[in-house]
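Everything below concerns the one structure shown next.
Protein chains in written order, with this note's numbering: chain A, 156 to 282; chain B, 156 to 282; chain C, 156 to 282; chain D, 156 to 282.
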């Protein structure tokens, strides 16, 4: 399974089936799933807690660390897919719509490498 | 663009190009991106902060609330895609590997609707 | 040491000395400390991840669980004290000022047990 | 009100009374309060999201930024106090106990300015 040939729907189905087989939907309220995503995001952050930006870019130099980070990223992704399943939200369409909104808010020419008012660069999520 | 026909690679490319066009990679250290994902996950949680599980399952009844939640989920997804790009991690493969590990740890028959020792149900992310 | 007889300054001093003795201020940039507080807050959340509100109110019935929650709360408090030390922010004054602001925003008579516009009840932190 | 002369109990009482006057305890399950603390911690992190460690140490140079950070720290503190109230946890005792545990785990002489195995420096919260 690879990004180049795997659709969002296929990944969502893997998660859906796993949850269904175990009758775990009862625990997967959107409230609990949002907490779960935040918990995993914090576990991912832990790997970068005390190192600086440059060192964080080199995390791939250490196979063990990269494997741990990869697993936390997978956990975040799984909960995001579970949320999409529970709320029946098409992720690709949601991402596409948000990126269109971001592009309008941060025109490429004006945003290159610097602060695009009123938000900080690299921060496209301030709607 | 829909989950049924969109690959992870296609979504990653949208994010990659957006970041590249604005010369924003300089801000996208894995450290900063992990903070960003946690920040967006918390914004998503805010929509469920004071309501209970049952009410959170009905969030889709209110179009305005669903739209807001959908946008936060998109923000989380975008930062996850940006992280995958920066760390050159194949998301589909990472998710597949983690789900295989989860399935081994929580065999369906033993995990149905109840606590699978030693973790809580619905919590497949405790490695 | 008890809340009834311990000042914020005394608690801050315990933390300050600990950090100083180990020459750890070099790691305690406000950026890293804010990440640390978020990480600990997520660890605290984990104890309530799959249970409902009512069950969370009974967490004190189980001594082992209460001890674990107590330790996470202590961790959150420690990082908050470290942040106050690094940024030279008087916590008591900051809390007092914010609670005054909250009281003006949510007059008691109008806010009793229900949604105070435009925020949700129990959510005094939306400034 | 200042840290030098304010006890934890006095700060807890301010929060307790505020919540009581508005009949908001119904919303303050430990589950919801833990989410609230994590949400505020993320809002605090936002102020340091795209800047580096050195720049984060200079946040006090800008009065407006410092005021915003001060307010987020107050919000975190308020929810921590609310949690202590709901769970009847003495914060000073909890912090004292954890710092004693930390001191035993990270003896000052061995931990000075460097990694104390097996945890990272500055990270006293890995129990």
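Glycine included, every Cβ here is placed at the ideal spot set by N, Cα and C.
Measuring alpha carbon to alpha carbon, tell me which residue in D:248, D:242 and D:253 is nearest residue 171 (chain D). Position 16 of the fourth chain holds residue 171 (chain D). Among D:248, D:242 and D:253, the Cα nearest to that of residue 171 (chain D) belongs to D:242.
Please confirm if residue 191 (chain D) has its CB atom under 8 Å from at least one CB of chain B. Here residue 191 (chain D) is taken as the residue at index 36 of the fourth chain, counted from 1. Output row for residue 191 (chain D): interface = yes.
Check the C-beta distance from residue 196 (chain D) over to residue 196 (chain C) and give it rounded, since I have them as a contact under 8 Å. Here residue 196 (chain D) refers to the residue found at position 41 of the fourth chain. Here residue 196 (chain C) refers to the residue found at position 41 of the third chain. Right, the Cβ-Cβ distance comes to about 4 Å (below 8 Å), so this counts as a contact.
Cα-Cα separation between residue 217 (chain D) and residue 202 (chain D), rounded to whole angstroms: As a working note, residue 217 (chain D) is residue 62 in the fourth chain. As a working note, residue 202 (chain D) is residue 47 in the fourth chain. As the crow flies, the alpha-carbon of residue 217 (chain D) is around 12 Å from that of residue 202 (chain D).
Partners in chain C for residue 182 (chain A), counting only beta-carbon separations shorter than 8 Å: Translated into positions along the first chain, residue 182 (chain A) becomes position 27. Those within 8 Å of residue 182 (chain A) in chain C are 205.
Under 8 Å between C-beta atoms, does residue 240 (chain B) make it to chain A? For the purposes of this step, residue 240 (chain B) is taken as the residue at position 85 of the second chain. It does not: the Cβ of residue 240 (chain B) has no partner Cβ on chain A nearer than 8 Å.
Hey, is the segment 219-229 of chain D in contact with the segment 246-265 of chain C, meaning 3+ C-beta pairs nearer than 8 Å? yes
Using beta-carbon positions only, say whether residue 174 (chain A) and residue 239 (chain A) come within less than 8 Å of one another. Within the first chain, residue 174 (chain A) is the residue found at index 19, counting from 1. Within the first chain, residue 239 (chain A) is the residue found at index 84, counting from 1. Against a cut-off of 8 Å, the Cβ pair of residue 239 (chain A) and residue 174 (chain A) comes out as no contact.
Should residue 219 (chain D) go down as buried or exposed, given a rule of 16 or more other Cβ atoms within 10 Å for buried? Counted from its first residue, the fourth chain places residue 219 (chain D) at position 64. Residue environment: residue 219 (chain D) is assigned as exposed (fewer than 16 neighbouring CB atoms within 10 Å of its CB, all protein chains considered).
Could you tell me whether the Cβ atoms of residue 263 (chain B) and residue 168 (chain A) are closer together than 8 Å? Sequence index remark: in the second chain, residue 263 (chain B) carries index 108 (1-based). Sequence index remark: in the first chain, residue 168 (chain A) carries index 13 (1-based). Their beta carbons are not under 8 Å apart, which means residue 263 (chain B) does not touch residue 168 (chain A) by this criterion.
Looking at chain C, is there any beta carbon in it that lies within less than 8 Å of the beta carbon of residue 209 (chain A)? By 1-based counting over the first chain, the position of residue 209 (chain A) is 54. With 8 Å as the cut-off, residue 209 (chain A) does not count as an interface residue toward chain C.
Opposite residue 162 (chain A) in the DSSP bridges: which residues? Against the first chain, residue 162 (chain A) aligns to sequence position 7. According to DSSP, which records beta bridges pairwise, residue 162 (chain A) is partnered with B:162.
Alpha-carbon spacing of residue 210 (chain C) relative to residue 178 (chain B), whole angstroms: Within the third chain, numbered from 1, the residue matching residue 210 (chain C) stands at position 55. Within the second chain, numbered from 1, the residue matching residue 178 (chain B) stands at position 23. Each residue's alpha carbon lies about 49 Å from the other.
Would you identify the three-state DSSP class for residue 234 (chain B), choosing helix, strand or coil? The residue labelled residue 234 (chain B) in the question sits at position 79 within the second chain. In the structure shown, residue 234 (chain B) falls within a helical segment according to DSSP collapsed to helix, strand and coil.
Going along chain A, which residues have a C-beta under 8 Å from residue 249 (chain B)? Here residue 249 (chain B) is taken as the residue at index 94 of the second chain, counted from 1. Those within 8 Å of residue 249 (chain B) in chain A are 225, 226, 228, 229 and 232.
From residue 156 (chain B) to residue 186 (chain B), what distance separates their C-alpha atoms? For the purposes of this step, residue 156 (chain B) is identified with residue 1 of the second chain, where counting begins at 1. For the purposes of this step, residue 186 (chain B) is identified with residue 31 of the second chain, where counting begins at 1. Between residue 156 (chain B) and residue 186 (chain B), the C-alpha separation is close to 30 Å.
For a contact meaning CB atoms closer than 7 Å, what does residue 187 (chain A) contact in chain C? Stepping through the first chain from its first residue, residue 187 (chain A) is reached at position 32. Neighbours of residue 187 (chain A) on chain C, chain order: 204 and 205.
Identify whether residue 265 (chain A) lies in helix, strand or coil by the three-state DSSP scheme. As a working note, residue 265 (chain A) is residue 110 in the first chain. Here residue 265 (chain A) sits in helix by DSSP.
Helix, strand or coil at residue 156 (chain D) according to DSSP, with G and I counted as helix: Position 1 of the fourth chain holds residue 156 (chain D). DSSP places residue 156 (chain D) in the coil class of the three-state scheme, outside both helix and strand.
How long is the line joining the alpha carbons of residue 166 (chain D) and residue 257 (chain C), rounded to whole angstroms? Position 11 of the fourth chain holds residue 166 (chain D). Position 102 of the third chain holds residue 257 (chain C). Whole-angstrom Cα-Cα distance: 15 Å.
8 Å contact criterion, which residue 222 (chain C) and residue 200 (chain A) should meet: CB distance rounded: Taking the third chain and counting its residues from 1, the one referred to as residue 222 (chain C) is at position 67. Taking the first chain and counting its residues from 1, the one referred to as residue 200 (chain A) is at position 45. Not quite, the Cβ-Cβ distance comes to about 25 Å (not below 8 Å), so this is no contact.
What is the rounded straight-line gap between the Cα of residue 180 (chain D) and the Cα of residue 267 (chain C)? Your numbering for residue 180 (chain D) matches position 25 in the fourth chain. Your numbering for residue 267 (chain C) matches position 112 in the third chain. Going from the Cα of residue 180 (chain D) to the Cα of residue 267 (chain C) covers about 10 Å.
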